[in-house]
Amino acid sequence: MSRLTINERAVELRMDPQTPLLWALRDGANLTGTKYGCGVGDCGACMVLIDGQALRSCLVTLGEAEGRNITTIEGLSPDRSHPVQQALVAEQAIQCGFCTPGIAIAAAALLARNADPTPEDIAAAVPNLCRCGVYPRLVRAVQRAGRVMRRVETISAAPAPGLTPQDAARAVPAMKAE
Ligand code: FES
Ligand code: FES
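In structure tokens:
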């Protein structure tokens, strides 16, 4: 039994402690916003915040996550209002969207410590791979999110259609996996 906090909820997961956190989140907690890209730490699609630090969940075991605070893309904001999410939509920095959750997590971690990043800062802190090549728009989006966080700009982008964060949160009681 592994006990951890996911998106501000205390969770117990009955899974092998050697299970990658990525699969514990997706299969044990039904939080499928965290994506499997490469499984070996290269792409960043699986990034989550662990105690506020953006880390690749394919490289962290469930046992290593014991007692830690995990934030997935579903928990970044309750209504997709995080400036990074708003700016990614507003700057159309999303094509297929597969890389987007990991990018949003990495960008949120960067902006939490530096709300005025240079393109070089962004390249270093958001090394995520995007097969659709949204990189120029990504830089614009992260800098725009920073301006929102510094309160020199506002954005109100429409939320994406589909499963809402509230829908995802309702799936959480099914978290205990045998
Ligand atoms: S799936 Fe984890 S870095 Fe690619
Ligand atoms: S938007 Fe398609 S992989 Fe990045």
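If you read the sequence shown in the numbering used here, its first letter stands for residue 865, the second for the next number, and so on. By construction, the Cβ of each residue, glycine as well, lies at the ideal position given by its N, Cα and C atoms.
The Cβ-Cβ distance between N894 and I914 does not fall below 9 Å. Note on geometry: alpha-carbon atoms of R977 and Y900 lie some 27 Å from one another. With a 10 Å radius around the Cβ and a threshold of 16 neighbouring Cβ atoms, Q882 comes out exposed. Secondary structure of R1011 (DSSP, three-state): helix.
Collapsing the DSSP output to three states places Q882 in coil.
For R995, the shortest C-beta to heavy atom distance toward ligand 1 is 8 Å or greater. In this structure, V998 has its beta carbon less than 8 Å from a heavy atom of ligand 2.
Annotated as distal: Q959 and S1020, with beta-carbon spacing of 9 Å or more.
Rounded to the nearest whole angstrom, the C-alpha separation of M865 and L886 is 17 Å. In the DSSP assignment, Q959 falls outside any alpha helix (DSSP H) and carries neither an H nor an E.
In this structure, DSSP gives I934 an extended state, which the three-state scheme calls strand.
The shortest C-alpha to C-alpha distance from V875 to any of C907, T935, A954, V998 is the one to T935. Counting only the Cα atoms, E930 lies some 5 Å from L868. L952 is positioned such that its CB atom lies closer than 9 Å to that of A968. Here the distance from the Cβ of V953 to the nearest heavy atom of ligand 1 is not below 8 Å. In the structure shown, the three-state DSSP call for L895 is coil. Closest in C-alpha terms to G966, from the list G905, S945, T1018, comes G905. For Q949, the CB stays at least 8 Å from every heavy atom of ligand 2.
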